[in-house]
Ligand code: CMC
């Protein structure tokens with residue numbers, strides 16, 4: 055007997071019942087998987103505004119209250135008290151690691167930081183001026199050509215190995231993209247360093263000079279990685295899940311996720327924010343840009359503002375606003391014109407009727423770029439950093455999907471509005487008209 059409460063749908067004079075499920079938090083869902091079989095209708099929800107595509111126990115967001123939690127822990131607490139690899143462990147296994155688990159996990163990830171030597175020859179095929187995200191899409195998917203012993207998605211050990219490899223190798227690939235773009239030699243990982251220190255080392259060391267990683271920068275990097283690590287069923291994560299639902303290998307799926315992340319409405323916004331702030335150039339020009347953002351005939355939007363789920367201040371932006379001031383202070387950067395413009399832009403937008411009415415607040419990308427800039431990271435690398443962090447979430451979500459007994463290939467339907475059946479004329483007529 056079905057014990058779930060039911061939602062009743064009436065189509066013309068016929069009624070249909072569908073079960074309602076409740077999670078531990080958040081809105082209940084109506085299971086409409088039998089809708090087509092029972093009624094011959096599809097649901098229609100472009101952009102998935104009201105559609106839950108899966109069950110998940112990894113990340114929870116309450117967009118109205120501005121809450122983001124990984125496995126039940128609030129994001130600000132994790133950012134303050136944890137390091138990135140502990141958060142990766144949390145996302146993958148559901149718990150923060152104890153001391154022994156932490157030692158094992160750090161060691162395991164560290165052992166996978168190097169990439170196959172042949173990969174550098176693939177990278178060298180790209181033009182040096184390529185956008186690093188273009189290279190990352192290819193390089194991450196190409197891992198499937200190198201690591202054949204972690205492609206069998208039905209083997210739990212191979213799935214885990216693929217997850218370790220993706221988390222560990224992404225910073226190495228990212229730093230290689232950067233070094234290649236500026237014509238410097240690749241720097242191998244140094245396994246004595248922490249995850250964030252190692253990334254900064256691979257980015258900024260050269261064979262000629264010792265590079266001492268600044269603790270301020272390493273801490274800020276760790277915080278940024280934690281804040282970006284997962285965000286439930288966002289566009290890139292859904293892309294990874296959809297690609298993986300066909301049984302594609304995890305490296306190829308992450309490549310698809312990186313492609314989705316690149317767009318300016320998603321992860322590409324962090325780069326777009328800095329370009330926008332540079333274009334604004336001076337506080338006096340802010341009203342002109344606010345007016346453009348409100349003008350429906352102008353495609354311009356305030357980058358780093360608004361979110362599909364948050365109708366309140368993005369909790370990640372809240373942490374980053376504070377971190378931004380701290381990092382600039384600690385690095386001795388007294389005068390950062392872009393931060394001044396950003397804070398004034400935020401102040402004006404938050405008082406503007408257009409933004410207030412639509413509940414448009416700064417999102418995670420609004421302040422992250424200013425911190426990256428202060429750390430000497432070039433603008434084109436910003437979205438790559440997002441990808442390094444989000445890899446943790448992608449692999450955790452991909453693993454969760456594969457291990458879900460209800461998992462099926464993702465196959466949405468459509469409302470067809472093309473031509474109805476028609477026929478070609480006779481062959482002779484066709485030739486004449488050509
Ligand atoms: N500037 C001006 N108007 C905006 C903006 C903005 N940044 N964002 C939304 N609006 C308006 C939009 O024009 C619409 O107005 P109306 O109701 O009059 O037509 C209303 O607000 C609702 O917008 P929407 O496009 O229907 O909302 P959405 O949920 O589909 O889009 C979004 C969410 C993030 C794509 C959008 O807010 C946006 O384009 N923001 C700028 C890009 C950005 O910062 N992206 C990073 C997202 S956070 C990082 C991540 O998770 O990737």
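In this note's numbering, the protein residues as written are 55 to 488.
Think of the CB as a built atom: it goes at the ideal place given N, C-alpha and C, for glycine as much as any other residue.
Predicted model, so just to flag it, every value in this text is computed and none were measured.
In three-state terms, what does DSSP make of residue 153? Residue 153 carries a helical assignment under DSSP once its states are collapsed to helix, strand and coil.
Taking the continuous alpha helix (DSSP H) assigned at residue 380, which residues delimit it? From DSSP, the alpha helix (DSSP H) with residue 380 extends over 369 to 384.
What are the boundary residues of the alpha helix (DSSP H) that includes residue 276? Here the alpha helix (DSSP H) through residue 276 covers 269 to 282.
Distance check for residue 120 and residue 366, CA to CA, integer angstroms please. One C-alpha to the other measures close to 5 Å.
Return the bridge partner residues of residue 359 from the DSSP annotation. BP columns for residue 359 point to 416.
Minimum C-alpha distance to residue 369 - residue among 380, 230, 281: 281
Taking the alpha-carbon positions, what's the residue 267 to residue 403 distance? 37 Å
Less than 7 Å separating the Cβ of residue 303 from some heavy atom of the ligand CMC? no
For a cutoff of 8 Å on Cβ pairs, would you count residue 87 as touching chain B? Absent from the structure: chain B. Only one protein chain is present.
Where do the N-terminal and C-terminal ends of the alpha helix (DSSP H) with residue 174 fall, by residue? 173 to 177
Give me the residue from 189, 357, 414, 439 with the minimum Cα distance to residue 279. 439
Using the three-state DSSP reduction, which class does residue 57 fall into: helix, strand or coil? Correct three-state label for residue 57: coil.
Sheet register partners of residue 99 (DSSP bridge): DSSP links residue 99 through a beta bridge to no other residue.
Can residue 418 be considered in contact with the ligand CMC, in the sense that its beta carbon sits closer than 7 Å to one or more heavy atoms? yes
Starting from residue 442 and walking both ways along the beta strand (DSSP E), at which residues does that stretch end? First-last for residue 442: 436 to 456, but that is the alpha helix (DSSP H), not the beta strand (DSSP E).
Near residue 215, what residues of its chain come up, given a Cβ to Cβ distance below 6 Å and the 5 sequence neighbours on each side ignored? 204
6 Å Cβ shell around residue 186 - same chain, five flanking residues per side excluded: 231, 434, 435, 438
Write down every uninterrupted run of the alpha helix (DSSP H) in the region 113 to 165 whose length is 4 residues or greater and which is fully enclosed by it, in chain order. 129 to 135, 138 to 147, 153 to 165
Spell out a yes or no on whether the region 241 to 249 and the region 162 to 178 are touching, meaning 3 or more CB-CB pairs, one atom from each, closer than 8 Å. With the cut-off at 8 Å, the region 241 to 249 and the region 162 to 178 touch.
Any non-hydrogen atom of the ligand CMC within 7 Å of residue 202 CB: no
Ordered list of alpha helix (DSSP H) runs contained in the region 176 to 213, each at least 4 residues: Whole alpha helix (DSSP H) segments, 4+ residues: 186 to 200.
Output needed for residue 409: all residues of its chain with C-beta closer than 6 Å, excluding positions within five of it in sequence on either side, in chain order. 403
Per-residue DSSP class, three states only, for residue 65: The three-state reading of DSSP puts residue 65 in strand, counting E and B together.
The alpha helix (DSSP H) enclosing residue 348, as first and last residue numbers: 340 to 348 is the extent of the alpha helix (DSSP H) around residue 348.
If you measure from the CB of residue 343, is any heavy atom of the ligand CMC nearer than 7 Å? no
Using a threshold of 8 Å, state whether the C-beta atoms of residue 296 and residue 472 are closer than that. Cβ distance not < 8 Å, so residue 296 and residue 472 don't count as in contact.
Which class does residue 221 belong to by DSSP, given the choice of helix, strand or coil? Residue state, collapsed to three classes: helix.
What is the residue span of the alpha helix (DSSP H) that residue 81 lies within? Taken as a continuous stretch (DSSP letters only), residue 81 belongs to no alpha helix (DSSP H), as it is neither H nor E.
At a threshold of 7 Å, does residue 366 count as lining the ligand CMC (C-beta to nearest heavy atom)? No - the ligand CMC has no heavy atom lying nearer than 7 Å to the Cβ of residue 366.
Identify, in the order they occur along the chain, each residue of the same chain with its Cβ nearer than 6 Å to the Cβ of residue 325, setting aside the five sequence neighbours on each side. 433, 436, 437
Tell me the rounded alpha-carbon separation between residue 67 and residue 92. 14 Å
Work out the CA separation of residue 474 and residue 443 for me, nearest whole Å. Separation of residue 443 and residue 474 (C-alpha to C-alpha, rounded to the nearest whole angstrom) is 47 Å.
Return the Cβ separation of residue 454 and residue 110 in integer angstroms, given the expectation that the two are a contact with Cβ distance under 8 Å. 6 Å
Nearer than 7 Å: is that true of the beta carbon of residue 357 relative to any heavy atom of the ligand CMC? Residue 357 Cβ: within cutoff of the ligand CMC.
Simplified DSSP state of residue 72, which is helix, strand or coil: In the structure shown, residue 72 sits in a strand (DSSP, three-state: E or B).
For the alpha helix (DSSP H) containing residue 91, list its first residue and its last residue. 89 to 93
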